[in-house]
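A.B. asks: In the UniProt record's numbering, the protein residues as written are 1 to 739.
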């Protein structure tokens with residue numbers, strides 16, 4: 001016999017007795033003894049049926065165990081508390097099931113009414129949408145507290161859906177069900193699932209919509225409520241991601257999404273109190289009133305005035321068919337306002353370029369349906385164009401890449417969802433070189449390129465690669481000159497390149513007509529003295545490499561570099577005396593740690609005189625300063641060993657951004673030559689002590705490719721006037737070559 005909930009004599013006593021029969025037996029005996037004799041006898045006769053209800057509730061208790069305990073490893077760390085209390089978000093509800101039965105944990109956002117079922121497997125890391133949370137403990141669905149008892153030991157008898165609505169926090173839905181003559185249906189026989197809007201959901205409904213519903217309760221309101229119902233019992237576990245169920249309103253469908261973080265939505269409304277069991281079905285309380293959807297994404301765009309520009313762009317790009325199919329998408333739809341924010345010439349260029357336009361639009365589309373309520377923190381998502389957007393939230397506001405540009409959320413269609421945004425997301429692949437550099441760490445370089453008259457190159461359709469030095473590389477060097485302009489043209493390569501395709505020894509031609517070499521090390525990829533400092537930016541026709549220094553093109557051999565620098569006058573004479581001029585002039589790849597005049601003057605005068613008069617000894621000393629291969633500063637880190645041309649080992653280290661070779665500091669690095677590189681030292685390098693010398697050195701060629709692990713800071717070599725030296729050297733070498 002089913003226990004009815006309509007008002008009858010002694011119903012309250014019967015209800016209390018049934019509650020206590022599920023509790024310890026001593027309470028049940030006391031209650032039965034206190035009842036009127038007829039009712040007590042009737043209750044005893046019906047105890048078997050009560051036991052059936054109790055056994056069903058025990059089954060439900062097992063179902064709710066997952067909400068309470070998560071996994072066993074969390075239970076040992078938790079602190080038992082009474083139902084209705086709260087703790088900080090670091091606490092876990094695991095042991096509540098052991099010491100305080102039937103207590104479920106809820107994670108509540110501070111300062112709001114938003115709550116989330118939580119357990120150890122679905123933990124939202126103390127914050128939801130950037131807001132702190134607390135854990136509250138409540139009686140699990142189907143249970144209630146008993147005074148003096150721990151937890152929620154009393155199993156409530158199941159009642160029909162109508163009465164379940166009242167105790168589940170959906171009393172407004174209960175009232176509207178009665179007004180729409182739905183009560184008899186949800187009290188009677190059957191098996192239903194009711195996605196019941198919470199009281200707050202009805203309160204948040206726009207007044208004009210609510211008025212339209214209640215003004216025609218027998219049709220509009222009844223239809224709306226029927227759309228929230230499915231003609232079968234579905235627990236939260238059975239609400240699978242991407243599943244579709246036929247509602248009780250004209251066979252319209254409802255769309256379920258069960259996300260990996262545990263959040264479940266129906267038509268993007270979040271289930272806030274799932275699994276409220278009833279005798280004739282189950283109630284899931286949701287956070288909003290849902291509406292029927294029958295249009296695909298393309299139809300939704302076609303009929304929305306605020307998406308007129310997007311509609312035109314989609315048609316021009318040939319993407320309308322894609323949005324009419326069965327595949328599911330999330331569209332961050334730029335409004336007319338978003339398009340109007342873009343400079344007219346930029347928008348005209350993109351709209352007139354089918355490739356750029358398609359990339360632009362695909363950058364706003366993500367596979368699968370992502371409702372706003374499924375996002376509890378920043379989540380990277382790949383667009384159809386291939387870029388990654390961080391979809392996040394800040395309180396109630398949905399964000400993209402940390403910006404609150406979403407103006408309307410969760411417009412659901414049959415094959416996806418649309419979120420409106422008021423800012424266009426232009427991918428790099430639709431940008432010019434100039435647009436790639438805007439607002440970045442190379443804005444100073446961009447300004448210089450424009451000032452040098454190169455803007456047409458940066459905005460055109462020519463296949464190029466720009467080597468853009470970081471802003472700090474130009475510190476104190478802001479005067480435009482012919483030499484500077486020539487230097488900038490050598491920062492633009494002919495052809496659109498990818499750094500991933502570069503290889504050691506490759507030569508790259510510049511707009512200035514020079515050839516630049518590529519050096520590949522274990523810890524760095526360098527073009528001459530400049531090393532790649534960030535990932536490539538690949539534009540529509542051109543690419544941008546961010547580099548750590550102003551590039552120094554080689555303008556002569558190592559001997560030419562030394563002769564052009566008056567710091568090496570004594571070294572030039574010593575090289576000639578030692579018969580090494582041809583070695584340093586011929587084609588090849590060498591690294592020369594070049595002693596300055598100061599290095600020679602630091603030697604005792606007699607020792608220096610003997611050395612400079614002895615060609616054989618002088619050759620041996622100088623060859624200790626030279627190694628095979630080109631090793632620029634960006635390829636140097638700690639504990640690198642090279643084999644010198646003299647046959648002994650050179651040990652390189654990096655300390656406090658300074659390079660040391662056999663403990664001698666490098667005072668200026670990366671004087672580039674066509675056959676190698678020169679690093680200046682102010683002391684004569686000596687052989688390593690025997691103990692260190694016995695250590696096996698790496699092969700010189702391998703060392704060029706495998707210098708190990710930390711990038712050299714472009715400010716490390718005390719070259720405050722490096723940029724002026726580059727210009728001066730560039731000018732003098734160019735003049736010499738022209739002669």
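Using N, Cα and C, we set each Cβ at its ideal position, and we do this for glycine too.
Count the other CB atoms within 10 Å of the CB of residue 386; is the residue buried (16 or more) or exposed (fewer)?
C.D. replies: exposed
A.B. asks: Taking residue 418 as part of the beta strand (DSSP E), name the residues at either end of that continuous run.
C.D. replies: 416-421
A.B. asks: Give a yes or no on contact between the segment 445-455 and the segment 521-528, applying the rule of three or more CB pairs nearer than 8 Å.
C.D. replies: no
A.B. asks: For the UniProt domain "FAS1" (294-425), list the alpha helix (DSSP H) runs that are entirely contained and at least 4 residues long, ordered along the chain.
C.D. replies: Entirely contained in the UniProt domain "FAS1" (294-425), the alpha helix (DSSP H) runs reaching 4 residues are, in chain order, 297-302, 308-317, 336-340, 344-351, 354-362.
A.B. asks: For residue 628, which three-state DSSP category applies?
C.D. replies: strand
A.B. asks: So, residue 255 versus residue 412, is the Cβ gap smaller than 9 Å?
C.D. replies: Taking 9 Å as the Cβ cut-off, residue 255 and residue 412 qualify as a contacting pair.
A.B. asks: Based on the DSSP output, what are the partners of residue 526 in its beta bridges?
C.D. replies: 519, 531
A.B. asks: Would you say residue 504 and residue 519 are within 9 Å of each other, going by their C-beta atoms?
C.D. replies: Yes, Cβ-Cβ distance for residue 504 and residue 519 is below 9 Å.
A.B. asks: Would you say residue 592 and residue 584 are within 9 Å of each other, going by their C-beta atoms?
C.D. replies: yes
A.B. asks: So residue 569 and residue 597 are in contact, right, with Cβ under 8 Å, and what is the actual spacing, rounded?
C.D. replies: 6 Å
A.B. asks: Just the Cα atoms here: how many angstroms apart are residue 603 and residue 644?
C.D. replies: 22 Å
A.B. asks: Compare the beta carbon distance of residue 409 and residue 420 with 9 Å and say whether it is the shorter of the two.
C.D. replies: Yes, the pair counts as a contact, with Cβ atoms nearer than the cut-off.
A.B. asks: If we count Cβ pairs, one from each stretch, closer than 8 Å, do we get three or more for the segment 340-360 versus the segment 264-275?
C.D. replies: no
A.B. asks: So for residue 226, helix, strand or coil by DSSP?
C.D. replies: helix
A.B. asks: Under a three-way DSSP split, which group does residue 180 fall into?
C.D. replies: Coil, per DSSP.
A.B. asks: Could you tell me whether the Cβ atoms of residue 293 and residue 159 are closer together than 9 Å?
C.D. replies: no
A.B. asks: Considering only the beta carbon of each residue, do residue 415 and residue 326 sit closer than 9 Å?
C.D. replies: yes
A.B. asks: Buried or exposed for residue 461, going by 16 or more other Cβ atoms inside 10 Å?
C.D. replies: exposed
A.B. asks: Tell me where the beta strand (DSSP E) around residue 464 begins and ends.
C.D. replies: Segment 464-469, the beta strand (DSSP E) holding residue 464.
A.B. asks: Use the C-beta contact count for residue 362: other C-beta atoms within 10 angstroms, 16 or more gives buried, fewer gives exposed.
C.D. replies: buried
A.B. asks: Is residue 578 helix, strand or coil when you go by DSSP?
C.D. replies: Correct three-state label for residue 578: helix.
A.B. asks: Classify residue 156: buried if its beta carbon has 16 or more other beta carbons within 10 angstroms, exposed otherwise.
C.D. replies: buried
A.B. asks: Taking residue 242 as the reference, give the member of 108, 369, 425, 636 with the closest Cα.
C.D. replies: Minimum Cα distance to residue 242 is reached at 369.
A.B. asks: Are the beta-carbon atoms of residue 217 and residue 183 separated by less than 9 Å?
C.D. replies: no
A.B. asks: For residue 766, which of 288, 261, 232 has the nearest alpha-carbon?
C.D. replies: With the chain covering only 1 through 739, there is no way to say anything about residue 766.
A.B. asks: Exposed or buried, what is residue 601 when buried is set at 16 or more other beta-carbons lying within 10 Å of its beta-carbon?
C.D. replies: exposed
A.B. asks: Looking only at its own chain, which residues have a Cβ that is under 7 Å from the Cβ of residue 663, when we skip the five neighbours before and after it?
C.D. replies: Hits under 7 Å: none found.
A.B. asks: Taking DSSP's pairing of strands, which residues face residue 142 in a bridge?
C.D. replies: Its beta-bridge partners do not exist; DSSP assigns none.
A.B. asks: What three-state label does DSSP hand residue 566 in the structure shown?
C.D. replies: helix
A.B. asks: Taking 8 Å as the cut-off, is the C-beta of residue 250 nearer than that to any heavy atom in the ligand HEM?
C.D. replies: In the structure shown, the ligand HEM is absent, as is every other ligand, since no ligand is present at all.
A.B. asks: Measure the CB-CB distance between residue 531 and residue 677 and report whether it falls below 9 Å.
C.D. replies: no
A.B. asks: Could you pull out every residue in the same chain whose Cβ sits closer than 8 Å to the Cβ of residue 319, ignoring the five residues on either side in sequence?
C.D. replies: 358, 361, 362
A.B. asks: With H, G and I counted as helix, E and B as strand and the rest as coil, what does DSSP make of residue 213?
C.D. replies: helix
A.B. asks: Is residue 106 helix, strand or coil when you go by DSSP?
C.D. replies: If DSSP states are grouped into helix, strand and coil, residue 106 belongs with the strands.
A.B. asks: Between residue 234 and residue 282, which are expected to be in contact by the criterion C-beta below 8 Å, what is the C-beta distance as a whole number of angstroms?
C.D. replies: Rounded, the Cβ-Cβ distance is 7 Å, consistent with contact.
A.B. asks: Does DSSP put residue 272 in a helix, in a strand, or in coil?
C.D. replies: Annotated three-state conformation of residue 272 is strand, per DSSP.
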